[in-house]
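Chemist:
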Amino acid sequence: MISRIFLLLTTVLALTGCGYNNFQRLDEETKAAWSEVLNQYQRRADLVPNIVATVQGEANFEQDTLTRVVEARAKATSLQVSPETLNNPEAFAKFQQAQGELSGALSRLMVVSERYPTLQANQGFRDLRVTLEGTENRITVARNRYIQTVQEYNVLARSFPTNLTAMAFSYAPKPTFTVANEAQIATPPKVDFSASRAKP
């Protein structure tokens with residue numbers, strides 16, 4: 307009887323120090339942070355039809371730009387995303403790529419809209435634009451929270467002795483958001499003032 311109690315206490319103490327509870331807590335925090343990212347992306351996707359409808363009212367607006375936005379939204383919303391996506395780097399990368407394409411298409415739409423004074427004067431369009439900018443900020447905040455939570459989880463999964471618990475219970479590191487054009491933005495821009503110094 308005493309040996310059983312001792313074995314039980316030893317097991318409880320071992321599990322307390324192994325990080326099991328921390329894995330559970332961080333896994334739930336990661337899922338919650340991921341849900342907020344999805345919530346903000348859905349908020350943006352819900353804005354797109356209103357933006358497109360408003361822009362379509364502008365005569366001679368570039369149809370190609372609108373088509374890209376509509377197609378990017380369709381692609382981004384067609385992906386089936388679940389908490390399991392967090393454990394599948396390929397599915398996560400596809401999701402991130404689709405959302406990046408929608409961001410790019412919306413940015414292009416906003417840049418092109420600058421050429422249409424009547425569209426810029428449209429109060430409905432201005433309100434939608436402000437809402438979109440606010441949503442993009444919310445997406446950034448939600449992504450940052452997710453990145454921080456995943457970082458904490460991944461450090462736990464890779465640190466000794468909790469990495470032994472990670473191996474025992476199959477707690478693999480989770481993917482995080484990356485920059486699509488990392489190589490491009492890592493290269494410093496070349497600045498050449500020689501043309502401005504040239505005398506006529």
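Numbering (this note's numbering), first residue to last: 307 to 506. For glycine and all other residues, C-beta sits at the position ideal for the given N, C-alpha and C. A quick note: this is a predicted structure, and the numbers were derived from the prediction, not measured.
Whole angstroms are fine: how far does the CA of A411 sit from the CA of I491?
Modeler: The count along the sequence shown starts at 1 and reaches residue 491 at position 185. The count along the sequence shown starts at 1 and reaches residue 411 at position 105. Residue confidence for I491 is low, a pLDDT of 48 falling below 50, so the modelled location carries little weight; the figure read from the coordinates is stated next. Rounded to the nearest angstrom, the two C-alpha atoms are 19 Å apart.
Chemist: Between the C-alpha atoms of E396 and Q362, what's the straight-line distance to the nearest angstrom?
Modeler: Your numbering for residue 396 matches position 90 in the sequence shown. Your numbering for residue 362 matches position 56 in the sequence shown. Taking the straight line from one Cα to the other gives about 36 Å.
Chemist: Go ahead and label V461 buried or exposed: buried means 16 or more other beta carbons lie within 10 angstroms of its beta carbon, across all protein chains shown.
Modeler: The sequence position of residue 461 within the sequence shown is 155, counting from 1. Exposed, because fewer than 16 other Cβ atoms sit within 10 Å of the Cβ of V461.
Chemist: Alpha helix (DSSP H) containing Q454: first to last residue?
Modeler: Within the sequence shown, the letter at position 148 stands for residue 454. Annotation: the continuous alpha helix (DSSP H) that includes Q454 extends over 429-464.
Chemist: Report the three-state DSSP secondary structure of E390 (helix, strand or coil).
Modeler: To locate residue 390, count along the sequence shown from 1; it is residue 84. Assigned with DSSP and collapsed to three states, E390 falls in helix.
Chemist: Of the choices S476, L385, M416, whose alpha-carbon is the least far from that of Q403?
Modeler: Working through the sequence shown from its first residue, we reach residue 403 at position 97. Residue L385 is the option with its Cα nearest to Q403.
Chemist: What's the call for R379, buried or exposed, on a 16-neighbour Cβ count within 10 Å?
Modeler: Here residue 379 refers to the residue found at position 73 when the sequence shown is read from its first residue. R379 comes out buried.
Chemist: Where does T484 sit, in a helix, a strand or coil, going by DSSP?
Modeler: Translated into positions along the sequence shown, residue 484 becomes position 178. In this structure, T484 counts as coil in the three-state DSSP scheme.
Chemist: In this structure, does DSSP put N507 in helix, strand or coil?
Modeler: In the structure as shown, the chain starts at 307 and stops at 506, and residue 507 therefore has no counterpart that could be examined.
Chemist: Enumerate in chain order the residues of its own chain whose CB-to-CB distance from A501 is below 6 Å, with the five nearest sequence positions on each side excluded.
Modeler: On the sequence shown, residue 501 is found 195 positions in, with the first residue counted as 1. With a pLDDT of only 49 at A501, under the threshold of 50, the placement of this residue in the model should not be trusted; the figure read from the coordinates follows. Cβ within range, chain order: n/a, list empty.
Chemist: Measure the C-alpha to C-alpha separation of V456 and I308 and round it to an integer number of angstroms.
Modeler: In the sequence shown, counting from the first residue as 1, residue 456 sits at position 150. In the sequence shown, counting from the first residue as 1, residue 308 sits at position 2. Cα-Cα distance, rounded: 42 Å.
Chemist: Do F398 and V387 come within 7 Å of each other at the CB atom, strictly closer than that value?
Modeler: Position 81 of the sequence shown, counted from the first residue, corresponds to residue 387. Position 92 of the sequence shown, counted from the first residue, corresponds to residue 398. For the pair V387 and F398, the CB atoms are not nearer than the 7 Å cut-off.
Chemist: Could you please give the first and the last residue of the uninterrupted alpha helix (DSSP H) stretch that includes L412?
Modeler: As a position in the sequence shown, residue 412 is number 106, starting the count at 1. That run of the alpha helix (DSSP H) goes 395-419.
Chemist: In chain order, what residues of the same chain have a beta carbon less than 6 Å from the beta carbon of P481, not counting five sequence neighbours either side?
Modeler: Start at 1 with the first residue of the sequence shown, and residue 481 comes out as number 175. So the qualifying residues of the chain are P395, F398.
Chemist: Quick one: using the 10 Å Cβ neighbour count with 16 as the cut-off for buried, is A382 buried or exposed?
Modeler: By 1-based counting over the sequence shown, the position of residue 382 is 76. The residue in question, A382, is buried, as its Cβ has 16 or more Cβ neighbours within 10 Å.
Chemist: Could you tell me if A472 is buried or exposed, where buried requires 16 or more neighbouring beta carbons within 10 angstroms of its beta carbon?
Modeler: Translated into the one-based positions of the sequence shown, residue 472 becomes position 166. Buried, because 16 or more other Cβ atoms sit within 10 Å of the Cβ of A472.
Chemist: Residues in the same chain with beta-carbon distance under 8 Å from P506, minus the five sequence neighbours each way, listed in chain order, please.
Modeler: Within the sequence shown, residue 506 is the residue found at index 200, counting from 1. Annotation note: pLDDT 47 at P506 (below 50); position unreliable, coordinate value reported separately. There are no such residues.
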